[in-house]
Every structure is written in structure tokens, then in C-alpha cells.
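Enquirer:
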């Protein structure tokens, strides 16, 4: 039986069982395909509780940022940790902030006029405070993961962020590997960093048949540098544990993907391009939503192909 | 002996209702019925009332009747329980029995219990109303008088305390309008317009006093929407209908009652005037409710799908594209009949391309059904091929036409694959493409669903959109809880993407579980289409 392992992205999420249903429904609605109906099992590598206090309750907003923003569900987080960074950690975060345009956006900035968003964070048609909040989450989540920060999301819980999430990812892949397959990992946003990290750099992680990354920040230089030495431009493809294909889905105006989601040139396999980049237009004010990506015809076609 | 923890019954019933597990609900009720026969203490009133309310909301009327009867026999004779008993009778069309219960109840509660007396009179009005709209037997002969009696019962209750009995007033209004259309003379009643305006005025006042989640808000909106129909104000109809349909806790039973009232009393037509909007919205909402099923009449397929899309657009209660695909599947579904009784069905069948089963069968379309429906091998109680007639009720191009069975090309006995492949005497035109076959069976989890299109009880082609949980399967059989009735044998079983998953062949209350699981359960059973394909090869 085929299996899909999902890995979610930045920001807080609904409870695990609800989240996996939301992703499944996202693929199924509007003439899509239902994994369960096709006999494909699915699971979610859930890590929101490692960095967030408690799950979102209102599932309707859980994977739609625009709806969540309207409902005031993007919480503000403290960025004081950024001031204490030194050395390469500081370089990573400052570089990422620069590349994402985090410091160029003011809290009081109104949304830019006109319906078109352009290839900088300033042009994203959301109020400044919201853009700052979202990017703050991205910076924090990426940094805390890549540098294995000791973090307490709530009273009584403490995690080494990378160790904990790697453990969950590997456990999910081991569980899925008990089935005959094919086994496909479908990851989004920060989840693509986790999936890549585990499949490229964690020796105990079982092999999967295929990897799909969606709206990935893996194209950002700072993240690639943090994934070295295992990552190199000439041999960045995680062929050790991805048996067949890596399909990368992006929208050129997705801020989290740095407005350039193309990965093929940065993750070569023996010097040859091996990642299949698929341009899948997202839409609306925030072109990073997984709920919108999952409705894309090309994305759906590629998942079905990877499962076939 | 006093009843211990009667709340267990209502909790278990409510849990079964949430799962729409009719078998679990029935088992709970049977335990109580059995106990009530032996016990010398009446079942506690509050829990009895609640249990009957749950059954009614789930439209389990025969069980509701049996349980109410057991409560009454056990000494729990509260007027409310008697009224619920009468409701169960009425909802099954057992009007004469309901009359005798209600007339006694009206007499017993007069000057003692104004509320129950009014409600019982309202139900009497409903019984007369039903007799009038059904229009057969004695009621037909005394039609005008039956209608007057219905109106009198409703209006008498309403006029005593209009704001308390708005619902009775609306029924009086609907029937007064009906009397106008039918040319029935009435005396001693206000004009319909006056009655309607007053009800609308009251509804506005009550609406301002109720909160959105209150049950009263739902009933108030329903009353106001009908009153607006009665005074022909389309904008108010839309406003109140929207409020009504978005009410919390609105059940399939209530929606079905509304629909019946609109069709039978108001005589709205889904293709004409305000009926286009109102009926489609109510029916679409009904499809999204548990316990609902879709019925298709000849020639209505395209009109219905197109109208739904036009009216509902992208903001529908259901994904219209999905619903439309379900409707399209109906065109290839046939009723298997006999010459002796051509007006009712013997079973169901569906057209499938021969090569879907075996390459050498080519592109010819065969009718797939059960061998216990049609058999050339002499299966007991099955029709012989020469006895069988086949008609496609949802296929506009084949209306009025009955196909004959030319040959049975392949069959497997009921205890194996229970399948027969029938060659018809002529090609069936205009029925669309053969069904796509499901490449795999759904993952067994609580979200897995199946959908069956057939002719339950040999009647109208219909399918249920809800309560269709796939329970289990093995290499031959599928078990599911989809509602089916006799006559559905030979129906196609689809997965949630409307791909052909199996051939329905039966079911029962006491079926052995699959995969060596211990125990038995109530389930319907189909044959996995892949097992049939392998069998034919």
C-alpha cells in the first residue's frame, strides 16, 4: 500500500490528526484526488508543539494564512533571541533577514496599493505588522531547528528542537517503511528544510521513494550554508535516502521561498540537474499557503505520478 | 424495580445517532423494550422524551413507534409520550392509528394541559392535511371538508395565542392558500394576506428577542419564510430561508418536513418561479444532512444539475462538481423488472464496458447485476433472462423503453461472486462513458465512504450521500453501512471519487465480520469489482 508522509511548515497548526485531514482534504477538494479513497495511507510529521504552546482550535484557519490573519491568529513572538546570537548563527539569521527583507518592513506599513504583489517582501499586499510576524516565525523556526536550540514552548515541556524533530521524522519514515510502498514525503515551507536535513544528513533515516518540496526556502544561500558540509551545490541531491525523484513546487512570488523557489541548480546530483522544478501559481495576498498549493493541478498530477 | 440509570439509554442512543449507527441504536432500544415488558415501573419521563426525540431526529420512525409503545405499555403515559407516539405513526403514514391516539389525547388534555392540548390539535391538523394532500379513499371523497378540518385545527390553536403557536398559524396560512388554488370555499377565517402579514410581523418581533443558536430562532425563521411565501414577498422569502437553513442543529428530519410542505402543500415546482430557488436550496441543504438521499425522476438529470450550479454557484453547501458526477453516474443504472409487474423493480443493474472485465469482451456494454436477480443457471428466485426487462430511469434518451436480455454472457453463483453479465437486445445510446474502475480499495479508516445508486424497494432511482461508512473488506467482499433496501441488489458501489468499487448484493442485521474478526454486525455487502474481474478472466 502506498504511503505519503506530510511535513508541515512554519507557524502554529491545528492538532495533528486534524492537520493531516486538512492536507488530505486540500488535495481532494475541487476535483482533486483523495488519498484514502485511492488506498494511499498518510501521516504527518507534526512538530508545531515543539515550538508552540498549544494547537490552533479553529481548524478552518489552520492552513490558510489569509483567514488566520483576518482572525488575528498569527501571534507575535519575541525576537530578543536574535540580539544574543554570535558567530555563524548571527550570520545566518542576519543574512536570512536581509534576503527576506525582514528589516525593510515596518510594523506600521500599510499594505502596498494595487492587487499585484512584486518580488520583495515590501510588495506583499499584507499590513506591515503581519509580514513582520510571519517572517519572525520563519527566522525563529529555521534558526532554532538548524542550531538545535534548547527551547521550552510551554510550562513543563523542553526540547532540543532539532533532535526532537529529527527523531519524529525518522520515526514516521520507519513506520511507513513497514509498508510495501511507494513512499513519498510531501513537505512544505520549513517542513522542506526538515525533510531535506533528515534525508541528507541523518544516517539512521530509512530511504523513501520520492520527495516533494513545496514553497521551500532551501534555495536561500544562508540555509544551504547551514546544511553544509553534507550539502554541496554539485552533490546536494539527497540520493542516499531518496531513491527516485525530488519534485520541487514553487510560486515565484512566494516570500518564504525568497521569491525564487527554483532549486534544480543548487541541488545537483553528481554535477547534473536532478530536481524537477514545477512552477505552480499560488494566489491572493499570501502566496505561500499550503491550502492553495495543494489545489494546484500540476502539483496534484506530480503526487499521483510519484505514487504510481 | 426502579429503572437504574435510564440516562444510559439516551447517552448510548445519542452516541449511536452521532455515528448514525442505526444498528447500535436499535440494539439499545430493544434492550429497553424487552425490559419495559417485564418491569413494573414506568420508564422515567424526561429520558423517555429525550430518547424519542433522538429517534425522530434520526428519522427512525418504526423504532420510535415501538419504543413509545413500550413506554406507554410500561405505564409511562405522559401526554408528551402519547404525542410522540402519534408523531411516529403519522411519520409512517399510519394516519388512522394516529387519529385514534390524538383524538383521545385532545379529549384527555382539554382544560388540563393547554400546551399539550394545543400540540395534539396541531397534529390532528397535520393528519387532516396529510389526508387531503394524499387525496385518496374517503379523504378524496370528502376533500373540501378534510381541508377545512385541517385549517380549523391549526387556526384554532394559533388564534388563542399567536406568538406561542406561530407554526400552527403558518400551516393554516399554507392551507388557506391551497384552498384558494383548489377552489375550496372557507368561512370564518381572516384573509390569507392578513394572516401572513400578522405572522411575519410576529416573526420579526420574536427574531429580535431570540439568540442565533436558540431552537426557537430556527422555527421562527421557518415560519417567517413560509409566511413570506404566503404574502408573495420574494426578498423576505430569501432572507428568512437563509436564516432557517443556517440555523444550528437543523436536522434531516426537519428539512425533509420542510421540503414535503413546500411540494405537497405549497405545490412549488423546482422549475418555476420562486420554487427554483427555494426547493433547490432546501434540497441541497438536505443532501448535506445525515440520513438524506437523492431521488431522481426521469428526465430531470440535466435540469437538476444545471439548476443547482446556476443557483448555488461556488458558495454551495456541497461541492457541486462532485454531486454532478454522482448524477452523471445515474444514467447507466437500470431497473430490472418483469413483464408480470413492470411498474415495480425486481433489482438493479448497471452498464459496464466488456473490456473492463476481459479484453475479449470488447467495447460492448453489458448490464452487470447479481445472479440472484437474473440467472440462466437456475438460481432460486432469480429471473430467467427471458423474464427480465431492463429500463433506464435517469436516461432521457431511453425513457419509456424497456430492453430485453439477449443472453447471459457470464455468471457466478450467489455464494461466490453473485454476478451476471447480461447482453441486452439493443445498444443503449446516450448513457455516457463506462465507469472508471477504482484502482485500489480505500484505506480502512473512519473517513472511508462508499456510495450506492440503485432502485431501493424497486422504486425511484436514488442514492444516499451520507452515512455510507466503509466498514471492512477482504479479497472478495466489501462491508459498508450505506443505507440500502430491497431492490438495490445489483447496484454499483462507488468510492468517494465515483469510481466503481463493487457490486452491491445484499446485507443484513447479523453478518459475520470479515478477516477473522470475532463477532457479527449489521452491514451491507458488496462484491469487490476486482474480484469479479479476476473471476471473469
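Residue numbers (our numbering), protein chains in the order written: chain A, 1 to 308; chain B, 1001 to 1537. Built from N, CA and C at the ideal position, the CB exists for glycine as well.
I need the DSSP call for residue 56 of chain A, collapsed to helix, strand or coil.
Expert: In the structure shown, residue 56 of chain A sits in a strand (DSSP, three-state: E or B).
Enquirer: Excluding the 5 residues preceding and the 5 following residue 1036 of chain B in the sequence, name in chain order all residues of the same chain whose CB lies nearer than 8 Å to its CB.
Expert: 1043, 1070, 1071, 1073 and 1074
Enquirer: If we require 3 or more residues per run, which beta strand (DSSP E) segments fall completely within the stretch 1149 to 1224 of chain B?
Expert: Taken in chain order, the whole beta strand (DSSP E) runs of length 3 or more contained in the stretch 1149 to 1224 of chain B number zero.
Enquirer: Can you list the alpha helix (DSSP H) stretches of 4 or more residues lying completely in the stretch 1015 to 1076 of chain B, in chain order?
Expert: 1022 to 1038, 1045 to 1057 and 1061 to 1073
Enquirer: Between residue 5 of chain A and chain B, is the shortest Cβ-Cβ distance under 9 Å, so that the two count as touching?
Expert: For residue 5 of chain A, the answer is no, since every Cβ of chain B falls outside 9 Å of its Cβ.
Enquirer: Using the beta-carbon count (16 or more within 10 Å), is residue 199 of chain A buried or exposed?
Expert: buried
Enquirer: Are any of the Cβ atoms in chain A nearer than 9 Å to that of residue 1499 of chain B?
Expert: yes
Enquirer: How many Å lie between residue 32 of chain A and residue 277 of chain A at the Cα?
Expert: The straight-line gap from Cα to Cα measures roughly 21 Å.
Enquirer: Residue 1390 of chain B and residue 1379 of chain B - do their beta-carbons sit closer together than 9 Å?
Expert: no
Enquirer: What is the DSSP secondary structure of residue 44 of chain A, counted as helix, strand or coil?
Expert: strand
Enquirer: Do three or more CB pairs link the stretch 191 to 209 of chain A to the stretch 294 to 303 of chain A at distances below 8 Å?
Expert: no
Enquirer: What are the start and end residues of the beta strand (DSSP E) that includes residue 349 of chain A?
Expert: Residue 349 of chain A lies beyond the residue range present for chain A, which begins at 1 and ends at 308; the question has no answer from this structure.
Enquirer: Label residue 1204 of chain B either buried or exposed according to how many other C-beta atoms from any shown protein chain fall within 10 Å of its C-beta, with 16 as the threshold for buried.
Expert: It is exposed - the Cβ of residue 1204 of chain B has fewer than 16 other Cβ atoms within 10 Å.
Enquirer: Kindly give me the distance between the Cβ atoms of residue 1222 of chain B and residue 1258 of chain B, rounded to whole angstroms, as I take these residues to be in contact under 8 Å.
Expert: Distance from residue 1222 of chain B to residue 1258 of chain B at the Cβ level is roughly 6 Å; contact confirmed, criterion being Cβ atoms closer than 8 Å.
Enquirer: Looking only at its chain, what residues have a beta carbon closer than 8 Å to the beta carbon of residue 331 of chain A, apart from the 5 residues adjacent to it on each side?
Expert: Given a span of 1 to 308 for chain A in the structure shown, any question on residue 331 of chain A remains unanswerable.
Enquirer: One question on the structure: do residue 1169 of chain B and residue 1155 of chain B come within less than 9 Å of each other, judged by their Cβ atoms?
Expert: Result yes, Cβ atoms of residue 1169 of chain B and residue 1155 of chain B sit closer than 9 Å.
Enquirer: Please compile the residues from chain B whose C-beta is within a distance smaller than 8 Å of the C-beta of residue 209 of chain A.
Expert: What residue 209 of chain A touches in chain B: nothing, since even the nearest Cβ is about 17 Å away.
Enquirer: Using DSSP bridges, identify the partner residues of residue 1347 of chain B.
Expert: B/1336
Enquirer: Taking Cβ positions only, does residue 150 of chain A come closer than 9 Å to chain B?
Expert: no
Enquirer: Would residue 203 of chain A and residue 245 of chain A qualify as a contact pair, given that the criterion is a beta-carbon distance under 9 Å?
Expert: no
Enquirer: Comparing the C-beta of residue 232 of chain A with each C-beta of chain B, is any distance below 9 Å?
Expert: no
Enquirer: On the DSSP bridge assignment, give the partners of residue 213 of chain A in chain order.
Expert: A/187 and A/248
Enquirer: Looking at the C-beta of residue 1442 of chain B, does it have a partner C-beta in chain A at a distance below 9 Å?
Expert: Yes - at least one Cβ of chain A is within 9 Å of the one on residue 1442 of chain B.
Enquirer: Label residue 1363 of chain B either buried or exposed according to how many other C-beta atoms from any shown protein chain fall within 10 Å of its C-beta, with 16 as the threshold for buried.
Expert: Under the 10 Å beta carbon count, residue 1363 of chain B is surrounded by fewer than 16 other beta carbons and is classified as exposed.
Enquirer: Using the Cα positions of residue 1457 of chain B and residue 1345 of chain B, report the straight-line distance between them to the nearest angstrom.
Expert: 7 Å
Enquirer: Strictly under 9 Å for the Cβ-Cβ distance: is residue 1376 of chain B near chain A by that measure?
Expert: no
Enquirer: Residue 267 of chain A CB to nearest chain B CB: under 9 Å?
Expert: Cβ-Cβ to chain B under 9 Å: no for residue 267 of chain A.
Enquirer: Quick one: which chain D residues come within Cβ less than 8 Å of residue 1445 of chain B?
Expert: The displayed structure is made up of protein chains A and B, and chain D is not among them.
Enquirer: Quick check: what's the CA-CA separation for residue 208 of chain A versus residue 169 of chain A?
Expert: 12 Å
Enquirer: Please list, in chain order, the residues of the stretch 1459 to 1480 of chain B that have any C-beta partner in chain A closer than 7 Å.
Expert: none
Enquirer: Enumerate in chain order the residues of its own chain whose CB-to-CB distance from residue 1270 of chain B is below 6 Å, with the five nearest sequence positions on each side excluded.
Expert: 1279
Enquirer: For residue 1451 of chain B, does the three-state DSSP call read helix, strand or coil?
Expert: strand
Enquirer: Would the beta-carbon of residue 1085 of chain B fall within 9 Å of that of residue 1068 of chain B?
Expert: yes
Enquirer: Alpha carbon to alpha carbon, what distance is there between residue 1479 of chain B and residue 1524 of chain B?
Expert: 6 Å
Enquirer: Could you list which residues in chain A have their beta carbon closer than 7 Å to that of residue 1496 of chain B, in chain order?
Expert: 34 and 37
Enquirer: According to DSSP, which residues form a beta bridge with residue 1506 of chain B?
Expert: B/1525
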